[in-house]
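Q:
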Amino acid sequence: MATEGGGKEMNEIKTQFTTREGLYKLLQHSEYSRPNRVPFNSQGSNPVRVSFVNLNDQSGNGDRLCFNVGRELYFYIYKGVRKAADLSKPIDKRIYKGTQPTCHDFNLLTATAESVSLLVGFSAGQVQLIDPIKKETSKLFNEERLIDKSRVTCVKWVPGSESLFLVAHSSGNMYLYNVEHTCGTTAPHYQLLKQGESFAVHTCKSKSTRNPLLKWTVGEGALNEFAFSPDGKFLACVSQDGFLRVFNFDSVELHGTMKSYFGGLLCVCWSPDGKYIVTGGEDDLVTVWSFLDCRVIARGHGHKSWVSVVAFDPYTTSVEESDPMEFSGSDEDFQDLLHFGRDRANSTQSRLSKRNSTDSRPPLSRARTHTNVMNATSPPAGSNGNSVTTPGNSVPPPLPRSNSLPHSAVSNAASKGSVMDGAIASGVSKFATLSLHDRKERHHEKDHKRNHSMGHISSKSSDKLNLVTKAKTDPAKTLGTSLCPRMEDVPLLEPLICKKIAHERLTVLVFLEDCIVTACQEGFICTWARPGKVVSFNP
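To convert a position in the sequence shown, counted from 1, into my numbering, add 71.
1) What does the alpha-carbon distance come out to for the pair S241 and Y347?
2) Give me the Cα-Cα distance between S159 and E102, rounded to the nearest whole angstrom.
3) What residue range is occupied by the uninterrupted beta strand (DSSP E) comprising P230?
4) For S310, count neighbouring Cβ atoms within 10 angstroms of its own Cβ and tell me buried if that reaches 16, exposed if not.
5) Here's the rule: buried if 16 or more other CB atoms are within 10 angstroms of the residue's CB, otherwise exposed. What is D344?
6) I'd like to know whether the C-beta atoms of E291 and C225 end up nearer to each other than 8 Å.
7) Have a look at the DSSP bridge pairing and note the partners of Y103.
8) May I ask you to check if the CB of E593 is nearer than 7 Å to at least one heavy atom of the ligand NAD?
9) Check the DSSP bridge columns for R366 and list the partner residues they point to.
10) Skipping 5 residues on each side, what residues in its chain have a beta carbon closer than 6 Å to that of P110?
11) Inspect the CB distances between the segment 124-138 and the segment 89-102 and report whether three or more fall short of 8 Å.
12) Are C308 and V323 touching if we call contact CB-CB under 8 Å?
13) Since L580 and V357 should fall inside the 8 Å C-beta cutoff, what is the C-beta to C-beta distance between them, to a whole number of angstroms?
14) Along the chain, where does the beta strand (DSSP E) containing C340 start, and where does it finish?
15) Using DSSP bridges, identify the partner residues of Y347.
16) Within 10 angstroms of its Cβ, does K286 collect 16 or more other Cβ (buried), or is it exposed?
17) Residue range of the beta strand (DSSP E) that T208 falls in?
18) Mapping the DSSP letters down to three states, classify D394 as helix, strand or coil.
19) Determine the DSSP secondary structure at N132, reduced to helix, strand or coil.
20) Got a sec, what are the start and stop residues for the beta strand (DSSP E) V250 sits in?
21) Name the residue from G115, P602, V229, F138 whose alpha carbon lies nearest to the alpha carbon of L180.
22) Answer with buried or exposed for D93, where buried requires no fewer than 16 other C-beta atoms within 10 angstroms of its C-beta.
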């Protein structure tokens, strides 16, 4: 897609870029894609997503990579900067009929060299639990679409749990599941547990425990993404109504909210120390929100299209000047009100800080029609469109398989689910590139349109419960308030670099210790070696 403005230099695809850390180089032989390497025709398809897991095996080659392209799902050994990618030998490959994978997440707690649990969400609303090592499909949740008929936008294992996972849909609902329980053969009946401003939480009424354990109805329109705080106690959600809502996950209490400058919010992540939440969306901005103060403290500008991923780089983020901060209360204050047997292993954080699926990745920002790399020091990296903002053993070829998921009329309430990561280990000391700009208010009258748009779900949807407060928020009334301060009232983050690195919009930006991983809608997953990490190898 054409980049707005900039001329020839701006539209040239880059294979390297320099930041204050040094030179990042694209490793051409480390590119992952469909085995035929043919660019994917992305029109009308779901965003390409990437999930990582480390199996902690003794070979030193324990990284595994999962990605979806159209109706296909691939699982490979990820060799990173060490060896060339061998696309002829995926560990597992699945092709689905009648529905497409939209997002996925590995369980880091249970992953071993012999078995790994991978959740996959689908465009028709189902969630599948598979083991791509054993090549097993163990369970299918919401199989008959009795719980929710809309697209799955985000799926994540609950931090510290081997069995609980959370699923968001474009209906605006989230559901908490337990892999050990069934979904029942009839539509669930709900009982109100808690209600607040623009949200309601219900439990499932049944004689025996069944899924879903909880139903969250949040805001208006699609719930585009959610992210758990680094300690797993809080949940940040962004919706098509333009609101960030932060909840205490266990007490289901609303901690704070923020409103976009205009348009929907598409992506969200936490800083490694849990002090900041960063969002991106249709206002082309990256917004930094203080968890402690519950207010916007900075905005990042420079993107020329919607921001679709935000991420911090935990390996270059400075922590020297950060005072240790306990932002979520003492252990005595911590109450497990849900009593669903959530396992809170002390080792979770160290494991989560390793290579999680797109969750344990530093905050990224992706936006639509632009492919450049923009790097901000400590602040979050963002990628819009085609631009990025960055601060061993041979396996027998798998048998091709075709999995068909039951579906009736598939809901077209499509909303893009950017899987971002909030579980990263390290901190942000300060936003070094803050500058206060007195400038005219942004011209946002121009109509932002998007082919891969998120359907704005009608409040008449039968899935919506009428208990949620339906009062629409007038953008004119929130602008200039603490919910949405004016542009001139908060510092602006300036991009340090902006490079075009793909022809199609970027959908993935993941920070690993020795490289950065990006992916675009054509289905190419690229590895960028960090400065000094380039390894010579034969393809």
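Every residue, glycine too, gets a C-beta built ideally from N, C-alpha and C.
All values reported here derive from a predicted model rather than from experimental measurement.
A: Once the coordinates are examined:
1) In the sequence shown, counting from the first residue as 1, residue 241 sits at position 170. In the sequence shown, counting from the first residue as 1, residue 347 sits at position 276. Distance between the alpha carbons of S241 and Y347 is about 26 Å.
2) Along the sequence shown, one-based indexing puts residue 159 at 88. Along the sequence shown, one-based indexing puts residue 102 at 31. Roughly 13 Å separates the two Cα atoms.
3) The residue you call residue 230 lines up with position 159 of the sequence shown. Element bounds for P230: n/a, residue is neither H nor E.
4) On the sequence shown, position 239 is the one that residue 310 refers to. Buried is the call here.
5) Position 273 of the sequence shown, counting from 1, holds the residue named residue 344. Buried: at least 16 other Cβ atoms inside 10 Å.
6) Here the question's residue 291 lines up with position 220 in the sequence shown. Here the question's residue 225 lines up with position 154 in the sequence shown. Result no, Cβ atoms of E291 and C225 do not sit closer than 8 Å.
7) Start at 1 with the first residue of the sequence shown, and residue 103 comes out as number 32. In the DSSP output, where bridge partners are listed per residue, Y103 has I596.
8) With respect to small molecules bound, the structure shown includes none, and the ligand NAD cannot be examined in it.
9) Numbered from 1 along the sequence shown, position 295 holds the residue referred to as residue 366. Partner(s): S361.
10) Working through the sequence shown from its first residue, we reach residue 110 at position 39. E593.
11) no
12) As a position in the sequence shown, residue 308 is number 237, starting the count at 1. As a position in the sequence shown, residue 323 is number 252, starting the count at 1. Taking 8 Å as the Cβ cut-off, C308 and V323 do not qualify as a contacting pair.
13) For the purposes of this step, residue 580 is identified with residue 509 of the sequence shown, where counting begins at 1. For the purposes of this step, residue 357 is identified with residue 286 of the sequence shown, where counting begins at 1. No, L580 and V357 are not in contact; Cβ-Cβ is about 12 Å, not under 8 Å.
14) For the purposes of this step, residue 340 is taken as the residue at position 269 of the sequence shown. Looking at the DSSP string, the run of the beta strand (DSSP E) that includes C340 is 336-341.
15) By 1-based counting over the sequence shown, the position of residue 347 is 276. DSSP output for Y347 lists S361 as bridge partner(s).
16) What you label residue 286 is simply residue 215 of the sequence shown in a count that begins at 1. Answer is buried; the Cβ neighbour count reaches 16.
17) Within the sequence shown, residue 208 is the residue found at index 137, counting from 1. Element bounds for T208: 207-212.
18) Residue mapping note: residue 394 aligns to position 323 of the sequence shown, counting from 1. Because the pLDDT of D394 is 45, which lies under 50, any placement of that residue in the model is unreliable, and the question is left without a value.
19) For the purposes of this step, residue 132 is identified with residue 61 of the sequence shown, where counting begins at 1. Note: N132 maps to coil in three-state DSSP.
20) In the sequence shown, counting from the first residue as 1, residue 250 sits at position 179. Per DSSP, V250 belongs to no beta strand (DSSP E) and is neither H nor E.
21) Translated into the one-based positions of the sequence shown, residue 180 becomes position 109. Of G115, P602, V229, F138, the residue nearest in Cα terms is V229.
22) Residue numbering aside, residue 93 sits at position 22 when the sequence shown is read from its first letter. Per the sequence shown, residue 93 should be read as Gly rather than Asp. When all chains shown are included, G93 counts as exposed.
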